[in-house]
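Just below is one structure, and these are the notes that go with it.
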Amino acid sequence: MAPSPPHLSSGEALPPLKPGVIRLYSMKFCPFAERARLVLNAKNIEHEVINVNLWEKPTWFADKNPNQQVPIVEHDGKIVYESLIVSAYLEELYPDKHPLVPKDPYSRAKDAMLIEFHGGKVIPNFFGAKDGVNEEKVEALKGDLAKLDQDLKERGTDFFYGSQPGYLDYMIWPIFARVPSHGCFGAGQGIPKSLKVLAPWVERMMKDKAVQSTIHPDSAYTEFNKYYRKDATIFDRVETPN
Ligand SMILES: N[C@@H](CCC(=O)N[C@@H](CS)C(=O)NCC(=O)O)C(=O)O
């Protein structure tokens, strides 16, 4: 996987689109863009990445997404944004290429309910629990993770999808990649080992090829977080292998 290209800033031109090539507008540290990158990499879909400096946005960026957020996918005159929708779209474009969603409608509905839970509870509690300062949020996050732990236990499989990660695994993963640098359970600490099923799932996810192609060292997330919203040079200043 090629290292992430520099983030385009205000005043920089939109690189010409290539017919037939999927383009992802991204930002190297964005957990939402990471969802789309995971799906693209897991499915081995040919694509190009255009990184955007989100604090000095190029003028053309607003034409791609009225919310001016990444991720956005553009190809052959079609534009799709919002990470869950982008990721589902990529799966539907290439359903037979390393499928990531269960065929059974009830299994798909159960996965969708868990993604809803993740978005409504886990993500806000994770952000609220930064550095472990707000104990109420830390406890709430622990409770949310216990629910995921129980769900995976009931599935009885290595991953939520089965013997390999699928759409649900990839949609929830970016938060887990950031737990040690976020310090919710102590600086550098992963999720509690008492989560007997979820903690080994994190270890297994770390070994997945798509995850390895998007993850950054904890020190890089920490450095990025320190200057996020404070310094627009941070997008390229923190160097990472991906
Ligand atoms: N709900 C959106 C959230 C995306 C999002 O928050 N992206 C951030 C970067 S991590 C962004 O583009 N922020 C720029 C801004 O809001 O101006 C999704 O799931 O795609």
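If you count the sequence shown from 1, position 114 lands on 114 in UniProt numbering, and the numbers rise without skipping.
The beta carbon of each residue, even a glycine, is placed where N, CA and C say it ideally should be.
Requested in this report: Give the C-beta separation of Leu8 and Pro58 to the nearest angstrom, bearing in mind that I take them to be a contact with Cβ-Cβ under 8 Å.
Outcome: Translated into the one-based positions of the sequence shown, residue 8 becomes position 8. Translated into the one-based positions of the sequence shown, residue 58 becomes position 58. At roughly 5 Å, the Cβ-Cβ gap stays under 8 Å, so Leu8 and Pro58 are in contact.
Query raised in the report: Quick one: is Gly183 buried, meaning 16 or more other Cβ sit within 10 Å of its Cβ, or exposed?
Result: Locating residue 183 in the sequence shown gives position 183, where the first residue counts as 1. Buried, by the Cβ-count rule.
Query raised in the report: Counting pairs of beta carbons, one from the stretch 19-26 and one from the stretch 38-58, are three or more of them closer than 8 Å?
Result: yes
**Report entry** N- and C-terminal bounds of the beta strand (DSSP E) containing Ser181
**Finding:** Counting from one through the sequence shown, the residue named residue 181 turns up at place 181. Here Ser181 belongs to no beta strand (DSSP E); instead the alpha helix (DSSP H) covers 179-182.
Query raised in the report: With DSSP run on the structure shown, which of helix, strand or coil describes Ser26?
Result: Locating residue 26 in the sequence shown gives position 26, counting from the first residue. Ser26 falls in the strand class under three-state DSSP.
Report task. Report yes if the C-beta of Asn242 is less than 8 Å from at least one heavy atom of ligand 1; otherwise report no. Result -> As a position in the sequence shown, residue 242 is number 242, starting the count at 1. No, since every heavy atom of ligand 1 falls outside the 8 Å radius drawn around the Cβ of Asn242.
Requested in this report: Please indicate yes or no: does the CB of Phe160 lie closer than 8 Å to some heavy atom of ligand 1?
Outcome: As a working note, residue 160 is residue 160 in the sequence shown. Checking the Cβ of Phe160 against ligand 1 gives no.
Requested in this report: Could you tell me the distance, in whole angstroms, from the CA atom of Arg108 to the CA atom of Gly11?
Outcome: Numbered from 1 along the sequence shown, position 108 holds the residue referred to as residue 108. Numbered from 1 along the sequence shown, position 11 holds the residue referred to as residue 11. When rounded, the distance between both Cα atoms is 43 Å.
**Report entry** Residue from Glu56, Glu82, Pro102 with nearest C-alpha to Asn65
**Finding:** The sequence position of residue 65 within the sequence shown is 65, counting from 1. Per the Cα distances, Glu82.
Report task. State whether the stretch 123-139 contacts the stretch 174-183, with contact taken as three or more CB pairs (one from each stretch) at a distance under 8 Å. Result -> Yes, they touch.
**Report entry** Whole-angstrom C-beta distance between Asn44 and Lys97, which should lie under 8 Å
**Finding:** To locate residue 97, count along the sequence shown from 1; it is residue 97. To locate residue 44, count along the sequence shown from 1; it is residue 44. Lys97 to Asn44, Cβ: 7 Å. Contact.
Requested in this report: Kindly examine ligand 1 and report whether one of its heavy atoms sits closer than 8 Å to the Cβ of Glu12.
Outcome: What you label residue 12 is simply residue 12 of the sequence shown in a count that begins at 1. No, since every heavy atom of ligand 1 falls outside the 8 Å radius drawn around the Cβ of Glu12.
Query raised in the report: Can you list, in chain order, the residues of its chain whose CB lies under 6 Å from that of Asp218, leaving out five sequence neighbours each side?
Result: Counted from its first residue, the sequence shown places residue 218 at position 218. Same-chain partners within the cutoff: Pro180, Ser181.
**Report entry** Cut-off 6 Å between Cβ atoms - residues of its own chain near Phe29, not counting five sequence neighbours on either side
**Finding:** As a working mapping, residue 29 is identified with position 29 in the sequence shown. So the qualifying residues of the chain are Phe224.
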